[in-house]
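Notes follow once the structure below has been shown.
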Amino acid sequence: MLDEKIFLTVLKEISIGPEALKKFLSIFNTEISLPNIPMKTMGGQKFWNTLCEIHGWKLQQNMITHHARILNAENVRIAWGTINGMEKALARFVNLKNKY
Numbered sequence: 007m008l009d010e011k012i013f014l015t016v017l018k019e020i021s022i023g024p025e026a027l028k029k030f031l032s033i034f035n036t037e038i039s040l041p042n043i044p045m046k047t048m049g050g051q052k053f054w055n056t057l058c059e060i061h062g063w064k065l066q067q068n069m070i071t072h073h074a075r076i077l078n079a080e081n082v083r084i085a086w087g088t089i090n091g092m093e094k095a096l097a098r099f100v101n102l103k104n105k106y
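Going by this note's numbering, the first residue of the sequence shown is number 7, and it counts up by one from there.
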């Protein structure tokens, strides 16, 4: 979980533009999941590479900023952050789905 100082820094960097976000996330080549508002997407038809798809869940990476996101089967963004963070989050989502 991000502390308040890091959260505010993330928001500031995101507002600067895609290159700033790319640089910021490269510093944290660890597990970061950023604050998310679930919203419908176009499914990554442009600017996104689908890295894997499991049971309708997609892990995608942005071609410009290189950040990652997870979409559910309805193309709603469930989470976003670093690749490492989203790989771990996707594994948790899939494990939860398999349990129930």
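All C-beta atoms, glycine included, are put in the ideal place defined by N, C-alpha and C.
| Asked | Found |
| --- | --- |
| Kindly give me the distance between the Cβ atoms of Asn55 and Ala85, rounded to whole angstroms, as I take these residues to be in contact under 8 Å. | Wrong, their Cβ atoms sit about 17 Å apart, outside the cutoff. |
| Buried or exposed: which applies to Lys64, given that a residue is buried once 16 or more other Cβ atoms fall within 10 Å of its Cβ? | buried |
| Take Gln67 as the anchor and find which of Asn90, Asn101 and Arg98 has the nearest alpha-carbon. | Asn90 |
| May I ask you to check if the CB of Ala95 is nearer than 7 Å to at least one heavy atom of the ligand MN? | For the ligand MN, the structure offers nothing, since it holds no ligand at all. |
| How many angstroms separate the CA atom of Ile70 from the CA atom of Ile60? | 24 Å |
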